[in-house]
Amino acid sequence: MNFLPMIIVFPLIMAIIMNLLHGKEKAVKYLTFATAIILIALPFIGEYGYYYFSGHGVVDGWISGIAYLYNPAKQAVIITLSLIASLVLITGMGEKLKNNMFVTLSLMGFASISAIVLADDIFNLYVFFEIISIVQAGLVFLSGTEEAYKAGLRYMIIGSVAAALMLLGITFLLASTGTLNISDMKHHLLTDNPMVYGGLLLLIVGLAYGSGLPPFHNIKADLYARSKGFISAMLQTYSKFVLVGLMLIILKLFNGLSYFSSAHAVLIALGVLAMVFGVVMALLQSDYKKLLAYHAISQGGYVATGLALGTPLGIVAGIFHAINHVIYKSALFLGAYIVSCKRGSNLHKLGGLLPLMPYVAFMVLCAKLAISGVPPFNGFQSKWMLAEAAMQVNMPEIAIIMIIVSIGTFVSMMKAFYLIYLKPVDEETLKEYQGKEVPKLAVFSLFVLTALCIIIGLDPSLITNYLWDYAREIGVNYCLK
Amino acid sequence: MSSKRDLVVAISFFIFGASILYSLANMHVNPGVNIVYLNHYIVPNYVCAIIFDWRAYDTLGECLVLVVAVMVSWIVFGKSLYDNSYLKEVFHAPESDDYITLQRWGDYTPIIKFLAYPMSILMVALGILTVLGGHITPGGGFQGGALIASGFILSIIAFGSKSPLWFDHKFLERMEALGALGYLLLGVAGMFMGGYYLFNFTQINGIPVFPAPKDIITAGIIPYLNIVVGLKVLAGLSTAAFLLSCEKVIIEKISKSEEKLE
Chain Z
1 MNFLPMIIVF PLIMAIIMNL LHGKEKAVKY LTFATAIILI ALPFIGEYGY
51 YYFSGHGVVD GWISGIAYLY NPAKQAVIIT LSLIASLVLI TGMGEKLKNN
101 MFVTLSLMGF ASISAIVLAD DIFNLYVFFE IISIVQAGLV FLSGTEEAYK
151 AGLRYMIIGS VAAALMLLGI TFLLASTGTL NISDMKHHLL TDNPMVYGGL
201 LLLIVGLAYG SGLPPFHNIK ADLYARSKGF ISAMLQTYSK FVLVGLMLII
251 LKLFNGLSYF SSAHAVLIAL GVLAMVFGVV MALLQSDYKK LLAYHAISQG
301 GYVATGLALG TPLGIVAGIF HAINHVIYKS ALFLGAYIVS CKRGSNLHKL
351 GGLLPLMPYV AFMVLCAKLA ISGVPPFNGF QSKWMLAEAA MQVNMPEIAI
401 IMIIVSIGTF VSMMKAFYLI YLKPVDEETL KEYQGKEVPK LAVFSLFVLT
451 ALCIIIGLDP SLITNYLWDY AREIGVNYCL K
Chain A
1 MSSKRDLVVA ISFFIFGASI LYSLANMHVN PGVNIVYLNH YIVPNYVCAI
51 IFDWRAYDTL GECLVLVVAV MVSWIVFGKS LYDNSYLKEV FHAPESDDYI
101 TLQRWGDYTP IIKFLAYPMS ILMVALGILT VLGGHITPGG GFQGGALIAS
151 GFILSIIAFG SKSPLWFDHK FLERMEALGA LGYLLLGVAG MFMGGYYLFN
201 FTQINGIPVF PAPKDIITAG IIPYLNIVVG LKVLAGLSTA AFLLSCEKVI
251 IEKISKSEEK LE
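Line order of the protein sequences matches chains Z and A. Following the UniProt record's numbering, the numbering of the first sequence begins with 1 at its first residue and continues without gaps. Following the UniProt record's numbering, the numbering of the second sequence begins with 1 at its first residue and continues without gaps.
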């Protein structure tokens with residue numbers, strides 16, 4: 001028996017059970033820990049290939065039911081996702097309030113992102129896309145401040161429009177091809193029909209909303225900045241993998257078709273704009289979490305650009321960068337969470353934390369070097385691949401923009417490091433710091449993520465070996481002249 | 001400044017709308033996979049066959065959208081918040097012991113009360129009928145559940161917290177979880193019976209899962225899926241209406257979570 005659907009069903013069952021356990025602190029604690037351990041094992045229980053729900057496979061030449069497609073590339077994405085999810089769940093256990101709704105919503109989010117990545121059925125993807133947009137707003141509401149309410153509400157209102165537009169796009173594609181299955185749809189898209197253009201346009205609207213590309217980058221950054229640190233780590237992981245899942249589907253459907261070349265340009269432009277906007281906004285921020293939030297947008301732009309190039313190397317680089325990015329950005333958000341336990345996240349009020357927690361400072365420094373693309377860390381490897389992919393299709397200007405944006409990232413990250421850890425402070429502040437504890441579980445998670453940054457940085461083939469087959473299948477080699 | 005901005009918005013809106021209308025004007029509908037659905041007979045109600053058999057997994061997702069929406073509305077009104085000082089500012093101390101305070105609305109006339117009660121009972125009965133007959137007649141879990149919930153809401157609007165038709169909010173919460181869990185576990189059962197998630201099995205060791213007259217094709221687990229979806233929809237919609245009208249529950253939630261935080 002193939003246990004592939006358990007990747008989605010098990011977290012959902014646990015989520016519903018956790019919802020019922022409101023107020024029972026001990027049960028919540030132990031069950032959360034058990035679930036976090038089991039999550040890591042989930043990506044290994046499925047078999048590769050197609051999986052047909054309800055046993056409805058190919059009937060009369062059509063794939064009649066809902067299908068999932070599992071392959072090494074998707075497995076690599078889900079392994080990363082489950083690792084981050086379980087680390088974030090473990091970090092959440094260190095909070096004073098053993099919060100069952102946080103666990104419920106995180107598990108729901110985990111299940112829906114896995115479904116989006118796995119789905120070979122475009123309507124199934126939409127259903128889980130809808131769940132994830134509500135879940136993200138709910139996770140922000142959990143922090144309970146007025147700004148959090150505003151950010152979540154804004155996200156939901158825009159989301160109802162954007163997700164509805166995406167549904168319209170899916171109906172366009174359904175009407176012109178007669179099927180919802182992506183592998184089947186590919187064979188029927190060849191007719192040159194304006195409706196397919198309309199469907200592609202509306203899918204791109206959904207993509208930009210789900211992953212925080214412009215014009216939706218502000219609401220997304222607000223979402224990351226207003227939630228608690230470890231929840232932001234979860235949220236940015238979700239949106240990176242929504243980006244990867246949706247982009248892979250768009251590429252699988254349209255890559256290589258004659259009318260995709262103009263859409264290509266639009267997607268690359270979205271990615272480049274996200275890159276530049278994100279880093280420019282980040283340089284202006286005085287709030288540490290907002291700074292990190294805009295960097296998440298900017299790195300999302302890198303992923304989108306790499307995937308949008310559409311060549312096998314570009315696709316590998318894009319997915320690889322997404323995986324690297326969620327690892328080091330989660331580490332940074334956990335660092336921000338540890339700092340905010342001491343004293344808020346306003347950069348001008350912080351300072352002098354280095355002697356109090358030298359290990360945390362060192363690990364955060366590693367993550368900061370990784371995000372700026374400095375050699376032995378993983379960020380360097382994927383940025384190198386991205387630049388290589390841009391050169392391969394003869395677009396050196398994109399490689400140049402990537403390098404400039406990396407420099408901007410380095411500058412703002414080092415500024416934040418100085419203001420938080422190195423800037424001298426007076427005696428009173430030091431006493432105030434010593435009165436507050438460092439969350440130990442968060443430090444543990446931070447350690448695991450930093451170790452991963454270095455390991456992947458030393459041996460990138462650990463991840464890239466998983467990705468090449470699928471990238472060769474959906475990628476198309478070309479070169480601008 | 002603002003007029004320029006309006007102009008840009010108007011132009012982009014126009015271009016976007018025109019492109020959608022242009023693609024709609026060139027619509028050629030391909031029947032595609034729908035022919036498969038029409039040729040392979042599962043239950044008399046085609047819509048139900050598609051929703052609960054061919055695409056049962058999508059229906060699970062749609063249910064979960066509602067479940068998550070209700071959970072998030074609980075959070076908005078103060079369940080398990082990490083910090084509820086803002087919410088405490090918004091909601092003040094309760095004015096009376098009633099769950100729903102009718103003073104501000106004014107009381108309804110006896111005519112409305114006289115009509116609303118039998119009406120809501122009829123709606124609940126019709127809802128149950130719609131849920132149970134979902135696989136042979138038009139309707140199903142979603143519609144039936146919504147009917148029952150609207151009967152409940154009608155009764156609450158007419159009578160306030162003295163409503164004769166009353167579900168406790170904790171009971172509703174449990175019922176919703178039961179519905180969602182039921183759907184998920186029926187799917188797992190299908191996995192063990194037929195090898196695929198949400199496989200529609202008609203019998204266990206020769207005993208039919210859903211007894212039916214001989215001249216009707218047996219529906220397998222579809223009626224059970226209808227029932228759990230009905231439970232879930234009825235509980236979800238009632239909870240949403242309940243949360244929007246009962247300040248007292250919210251205030252209780254806030255004060256309870258405060259004890260825990262300290």
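Virtual Cβ for every residue (Gly too), placed ideally from N, Cα, C.
- The beta carbon of leucine 107 of chain Z does not come within 8 Å of any beta carbon belonging to chain A, so the residue lies off that interface.
- In the same chain as glutamine 143 of chain A, and ignoring 5 residues on each side of it, the C-beta atoms closer than 7 Å to its own belong to Thr130, in chain order.
- One finds Ile134 in chain Z with Cβ atoms closer than 7 Å to the Cβ of alanine 69 of chain A, taken in chain order.
- Apart from sequence neighbours up to five positions away, no residue of its chain approaches tyrosine 149 of chain Z with a beta-carbon distance below 6 Å.
- Taking every protein chain shown into account, the CB of serine 106 of chain Z has 16 or more other CB atoms within 10 angstroms, so this residue is buried.
- Boundaries of the beta strand (DSSP E) harbouring glycine 49 of chain Z: 49-52, taken from the DSSP string.
- The shortest CA-to-CA distance from isoleucine 121 of chain A to any of A:Ile207, A:Gly151 and A:Ala146 is the one to A:Gly151.
- Ranked by Cα distance from isoleucine 128 of chain A, the options A:Phe192, A:Ile148, A:Ile111 and A:Ile11 are led by A:Ile148.
- DSSP places leucine 69 of chain Z within a strand segment (E or B) once states are collapsed to three.
- Tyr52, Phe53, Ser54, Gly55, His56, Val59, Asp60, Trp62, Ser64, Gly65 and Ile66: these are the residues of the stretch 37-68 of chain Z whose beta carbon lies less than 7 Å from some beta carbon of chain A, given in chain order.
- The beta carbons of phenylalanine 230 of chain Z and phenylalanine 333 of chain Z sit about 7 Å from each other, so the pair counts as a contact at 8 Å.
- Between glycine 351 of chain Z and leucine 419 of chain Z, the gap from beta carbon to beta carbon is short of 8 Å.
- The beta-carbon separation of glutamine 136 of chain Z and leucine 235 of chain Z, rounded to 6 Å, stays under the 8 Å limit for a contact.
- Contact of methionine 175 of chain A with chain Z is not assigned, every C-beta pair being separated by 8 Å or more.
- Interface with chain Z (8 Å Cβ-Cβ cutoff): arginine 55 of chain A is included.
- For valine 59 of chain Z, the three-state secondary structure derived from DSSP is strand.
- Taking the C-beta atoms as reference points, glycine 475 of chain Z is found nearer than 8 Å to proline 312 of chain Z.
- Look at the beta carbons and you see the stretch 265-284 of chain Z touching the stretch 295-313 of chain Z: at least three pairs across the two are nearer than 8 Å.
- With contacts defined as CB atoms closer than 8 Å, alanine 390 of chain Z and asparagine 378 of chain Z fail to qualify as a contacting pair.
- When A:Tyr57, A:Leu21 and A:Gly182 are compared, the shortest CA-CA separation from phenylalanine 123 of chain Z is found for A:Tyr57.
- Between the C-alpha atoms of phenylalanine 10 of chain Z and leucine 185 of chain A there is a straight-line separation of about 10 Å.
- Cβ-Cβ separation between alanine 177 of chain A and isoleucine 16 of chain Z: approximately 5 Å, consistent with a contact (criterion under 8 Å).
- A straight line joining the alpha-carbon of tyrosine 470 of chain Z with that of lysine 4 of chain A spans about 47 Å.
- Residue burial annotation: alanine 265 of chain Z is exposed, with fewer than 16 other C-beta atoms found within 10 angstroms of its C-beta.
- When beta bridges are read from the DSSP output, asparagine 346 of chain Z appears opposite Z:Asp287.
- The contact set of glutamate 247 of chain A on chain Z, defined by CB atoms closer than 8 Å, is empty, because the minimum CB distance reaches about 17 Å.
- Contact with chain Z is absent for proline 223 of chain A, since none of that chain's Cβ atoms lies less than 8 Å from the residue's Cβ.
- Taking methionine 27 of chain A as reference, the option from Z:Ser54, Z:Gly61, Z:Ala162 and Z:Ser176 with the minimal CA-CA separation is Z:Ser176.
- Within the same chain, and ignoring the five residues on either side of serine 330 of chain Z in sequence, the residues whose Cβ sits closer than 7 Å to its Cβ are Ile84, Ala233, Thr237 and Leu449.
- The C-beta separation of isoleucine 132 of chain Z from phenylalanine 216 of chain Z comes to about 14 Å, leaving the pair out of contact by the 8 Å criterion.
- Assignment of proline 358 of chain Z by DSSP, reduced to helix, strand and coil, places it in the helix class.
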